[in-house]
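These notes are about the structure you will find just below.
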């Protein structure tokens with residue numbers, strides 16, 4: 008059991024190290040030697056757990072995917088409030104968690120890096136669409152508002168915060184996203200029901216770490 012626990016700790020340390028270096032330097036620049044050194048393990052231990060840098064990148068995406076599943080968990084709230092809370096938690100996670108940031112970046116793939124087995128942006132989009140559709144079925148949206156339009160706005164804004172946050176961390180703070188929801192909610196739910204929702208999300212919510 009102790010040996011198994013050490014193996015799990017080593018694997019997790021390598022994933023955390025790889026995520027930090029992929030996030031800072033990029034997938035192409037980060038080397039396996041640097042990743043293993045930062046994690047405090049030997050190159051042999053790294054290759055025991057991961058056959059290649061691509062396999063390690065997939066593991067980072069997988070770890071980020073687990074965080075995203077927890078961010079999109081069901082909550083004791085109206086469906087639209089769940090989307091608000093999750094959007095804040097996602098943005099806060101992108102600010103504080105290099106695994107989540109690197110995972111989103113790696114899952115998109117590039118000309119020099121194969122696409123990962125998981126597409127985190129698609130997962131987020133599908134979840135937002137299904138949850139906003141549930142809000143529509145439950146009568147939370149104004150009569151002339153379509154769920155697909157609300158979902159498109161939420162997905163686009165989250166993607167924008169992710170991209171802009173690479174250059175300016177201020178975009179990954181709570182205030183800009185709160186302003187977006189404060190602007191959107193009256194149009195989406197109507198003035199008479201806007202008081203049912205909290206644009207700033209759950210203030211007690213913290214980024215979901217591993």
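Residue numbers (my numbering): 8 to 217. The beta carbon of each residue, even a glycine, is placed where N, CA and C say it ideally should be. Quick caveat, the model's predicted, so the values are computed rather than measured.
Could you tell me the distance, in whole angstroms, from the CA atom of residue i to the CA atom of residue j?
{"i": "residue 48", "j": "residue 71", "result": "22 Å"}
{"i": "residue 220", "j": "residue 131", "result": "This structure cannot settle anything about residue 220, because the visible part of the chain is limited to 8 through 217."}
{"i": "residue 114", "j": "residue 150", "result": "37 Å"}
{"i": "residue 91", "j": "residue 188", "result": "8 Å"}
{"i": "residue 69", "j": "residue 25", "result": "13 Å"}
{"i": "residue 144", "j": "residue 173", "result": "36 Å"}
{"i": "residue 15", "j": "residue 204", "result": "41 Å"}
{"i": "residue 206", "j": "residue 54", "result": "46 Å"}
{"i": "residue 185", "j": "residue 208", "result": "8 Å"}
{"i": "residue 195", "j": "residue 177", "result": "26 Å"}
{"i": "residue 112", "j": "residue 31", "result": "11 Å"}
{"i": "residue 202", "j": "residue 35", "result": "48 Å"}
{"i": "residue 52", "j": "residue 153", "result": "52 Å"}
{"i": "residue 166", "j": "residue 9", "result": "42 Å"}
{"i": "residue 94", "j": "residue 17", "result": "31 Å"}
Which same chain residues end up closer than 8 Å to residue i when comparing Cβ atoms and leaving out the 5 residues on each side of it in sequence?
{"i": "residue 50", "result": "39, 40, 43"}
Report all residues from its chain with a CB closer than 6 Å to the CB of residue i; omit the five preceding and five following residues, and keep chain order.
{"i": "residue 82", "result": "89"}
{"i": "residue 29", "result": "37, 109"}
{"i": "residue 45", "result": "24"}
{"i": "residue 63", "result": "25, 57"}
{"i": "residue 164", "result": "187"}
For residue i, which residues in the same chain have their Cβ closer than 7 Å to its Cβ, ignoring the five residues on either side in sequence?
{"i": "residue 219", "result": "Coverage of the chain is limited to positions 8 through 217, which leaves residue 219 absent and any answer about it impossible."}
{"i": "residue 105", "result": "26, 27, 30"}
{"i": "residue 219", "result": "The displayed coordinates of the chain run from 8 to 217. Any statement about residue 219 would go beyond what the structure contains."}
| Can at least three beta-carbon pairs, one atom from the region 135-143 and one from the region 82-91, be found at a separation below 8 Å? | Under the Cβ criterion (8 Å, minimum of three pairs), the region 135-143 counts as touching the region 82-91.
Do the region 94-104 and the region 56-65 make contact, defined as three or more Cβ pairs closer than 8 Å?
-> Here the region 94-104 does not lie against the region 56-65, with fewer than 3 beta-carbon pairs under 8 Å apart.
message = To test your reading of the DSSP string, which unbroken beta strand (DSSP E) runs of 3 or more residues are found completely within the region 77-131?
response = Correct list: empty.
At what residue ranges does the region 29-78 contain a whole run of the alpha helix (DSSP H), taking only runs of 4 or more?
The qualifying runs are 39-46, 50-56, 60-78.
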